[in-house]
Amino acid sequence: MDRMSTEDRPSAPRSLAEALRGRDDVSLGALLRSRPDLITPVPTDLTQLATRAGTRASVVRALERLDRFTLQTAEALAVAADPATYDELLGLMAGDDADPAVAQALPHALGVLREQALVWGGDDRLRLVRTARELLAPSPQHPSPTGLGPTVQEATAGMSPGRIQEIVTAAGLPSTHDSVSAVTSLTELFSDRRRMAALLAKAPADSLDVLERLVWGPPYGQVTADPAPRLRWLLDRGLLLPTAPGTVVLPREVALHLRGASRTGRPSRCRRRSRPPPFTVHRLWTAPRPGRRTPRSRPSRNC
1 MDRMSTEDRP
11 SAPRSLAEAL
21 RGRDDVSLGA
31 LLRSRPDLIT
41 PVPTDLTQLA
51 TRAGTRASVV
61 RALERLDRFT
71 LQTAEALAVA
81 ADPATYDELL
91 GLMAGDDADP
101 AVAQALPHAL
111 GVLREQALVW
121 GGDDRLRLVR
131 TARELLAPSP
141 QHPSPTGLGP
151 TVQEATAGMS
161 PGRIQEIVTA
171 AGLPSTHDSV
181 SAVTSLTELF
191 SDRRRMAALL
201 AKAPADSLDV
211 LERLVWGPPY
221 GQVTADPAPR
231 LRWLLDRGLL
241 LPTAPGTVVL
251 PREVALHLRG
261 ASRTGRPSRC
271 RRRSRPPPFT
281 VHRLWTAPRP
291 GRRTPRSRPS
301 RNC
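The UniProt record's numbering numbers the first residue of the sequence shown as 1 and each following residue consecutively.
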């Protein structure tokens with residue numbers, strides 16, 4: 001399964017149904033063989049097939065059948081921009097070092113996701129189907145198997161405009177006239193490799209230790225009413241954001257930088273630290289046994 005560009009078709013599809021209409025019989029047959037639940041009962045047309053392919057039950061079944069790397073590819077798309085480019089996806093998965101093994105395996109994994117109608121669009125506009133994005137993307141209430149937390153925008157929802165402006169200023173950014181532009185400015189900072197490296201280069205060593213403990217998840221930590229200086233440095237600059245009294249979270253953009261950054265601007269210990277084994281889809285949606293926690297309810301740690 002090769003990479004594909006929207007140039008391969010007369011026009012880019014605007015929906016999964018349009019993407020399916022652009023497939024030939026061989027491609028549609030491969031979809032139905034990989035997801036046999038889609039033909040029971042037989043759909044009347046491709047619009048109905050697309051609708052069925054996006055239902056929660058069918059998407060869960062499809063995700064459960066994916067191999068680990070292909071599932072990780074879907075998880076990466078769930079936290080990427082919508083739509084995302086192939087290069088953005090590769091950057092999320094391979095990091096700045098451009099791991100050659102990841103670069104070699106990604107086209108096949110993306111091809112599988114396309115074949116199974118979990119992803120549609122060309123390499124310049126990759127879209128994960130909405131149901132899969134909802135299932136795999138993290139939220140403050142439901143930490144993701146990726147170990148990533150909410151975005152800056154999500155984590156600052158409900159924060160006072162004055163506090164947001166204080167964070168922006170402490171992070172070295174110019175103040176703005178409204179909270180929306182302030183959050184956008186902070187998000188852009190955390191997504192900029194060069195500027196983030198410069199910001200983290202100023203961080204105290206024990207503040208970097210805190211980031212190291214949260215970067216691979218769970219992204220939530222417990223703090224006291226009077227945070228220690230190492231935590232205050234991070235909170236002042238939005239590198240940690242409060243989600244509830246006594247609870248803070250590592251914003252998704254910061255974690256993605258720490259995971260994928262080059263050695264400059266990133267604590268080297270984070271690079272050597274082994275990642276926790278990824279959760280399987282089965283563990284994500286299996287009902288919990290009485291008295292046991294599910295992976296989605298893992299307790300946060302003390303910072």
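Where a beta carbon is used, it is the ideal one built from N, C-alpha and C, also for glycine.
Measure from the alpha carbon of residue i to the alpha carbon of each residue in the options, then state which is nearest.
{"i": "S34", "options": "A50, A117, A203, T47", "result": "A117"}
{"i": "G149", "options": "D178, L214, A205, L128", "result": "L214"}
{"i": "V129", "options": "F190, R56, G246", "result": "R56"}
{"i": "D192", "options": "R21, H257, T176", "result": "H257"}
{"i": "L31", "options": "Q48, L113, D67", "result": "L113"}
{"i": "A244", "options": "D67, G158, H108", "result": "G158"}
{"i": "A81", "options": "T187, A205, R61", "result": "T187"}
{"i": "V119", "options": "A50, D99, F190, P41", "result": "A50"}
{"i": "residue 314", "options": "V254, M196, A62, L20", "result": "In this structure the chain extends from 1 to 303, so residue 314 is not present and cannot be described."}
{"i": "V59", "options": "T85, P36, L28, W216", "result": "P36"}
{"i": "L189", "options": "Q153, W216, H177", "result": "Q153"}
{"i": "G111", "options": "S27, A205, D226, G246", "result": "S27"}
{"i": "A228", "options": "G246, W216, G217", "result": "G246"}
{"i": "G147", "options": "D87, P100, W216, L66", "result": "W216"}
Could you name the residues of the same chain whose beta carbon sits closer than 6 Å to that of residue i, not counting the 5 residues immediately before and after it, in chain order?
{"i": "D236", "result": "A170"}
{"i": "T151", "result": "R252"}
{"i": "N302", "result": "Q222"}
{"i": "V248", "result": "G221, V223, L240, P242"}
{"i": "I167", "result": "G238"}
{"i": "E18", "result": "none"}
Am I right that residue i and residue j are in contact with their C-beta atoms under 8 Å? What's the rounded C-beta distance?
{"i": "L71", "j": "A53", "result": "Between A53 and L71 the Cβ distance is about 17 Å, and since that is not below 8 Å, they are no contact."}
{"i": "P83", "j": "L126", "result": "6 Å"}
{"i": "A103", "j": "L90", "result": "6 Å"}
{"i": "L199", "j": "G238", "result": "Rounded, the Cβ-Cβ distance is 10 Å, inconsistent with contact."}
{"i": "E75", "j": "L16", "result": "Not really, about 19 Å apart at Cβ, beyond 8 Å."}
{"i": "residue 309", "j": "A132", "result": "Since the first residue of the chain shown is 1 and the last is 303, residue 309 is not available in this structure."}
{"i": "T85", "j": "D124", "result": "5 Å"}
Mapping the DSSP letters down to three states, classify residue i as helix, strand or coil.
{"i": "G162", "result": "helix"}
{"i": "G29", "result": "helix"}
{"i": "A137", "result": "coil"}
{"i": "L126", "result": "strand"}
{"i": "P107", "result": "helix"}
{"i": "Q72", "result": "helix"}
{"i": "V215", "result": "coil"}
{"i": "T131", "result": "helix"}
{"i": "R301", "result": "strand"}
{"i": "T187", "result": "helix"}
{"i": "L241", "result": "strand"}
{"i": "V254", "result": "helix"}
{"i": "G221", "result": "strand"}
{"i": "T40", "result": "coil"}
{"i": "T247", "result": "strand"}
{"i": "A84", "result": "strand"}
Report all residues from its chain with a CB closer than 7 Å to the CB of residue i; omit the five preceding and five following residues, and keep chain order.
{"i": "T280", "result": "Only weak support exists for where T280 lies, its pLDDT of 33 falling under 50; the value from the coordinates is given anyway. Correct list: empty, nothing qualifies."}
{"i": "I164", "result": "T156, S179, A182, V183"}
{"i": "A203", "result": "W233"}
{"i": "A109", "result": "F69, T70, T73"}
{"i": "V210", "result": "R230, L231, L234, C303"}
{"i": "S274", "result": "For S274, the predicted structure reports a pLDDT of 40, less than 50, and the residue's modelled location is therefore unreliable. A value from the coordinates is still provided. Result list for S274: empty, nothing under 7 Å."}
{"i": "R21", "result": "L46"}
{"i": "S207", "result": "R230, W233, L234"}
{"i": "A62", "result": "R35, Q116, L118"}
{"i": "S185", "result": "V168, L173, T176"}
Considering only residues of the same chain and omitting the five flanking positions on each side of residue i, which have a CB-CB separation below 8 Å?
{"i": "A287", "result": "With a pLDDT of 27 at A287, under the threshold of 50, the modelled position of this residue cannot be trusted, and the question is left open."}
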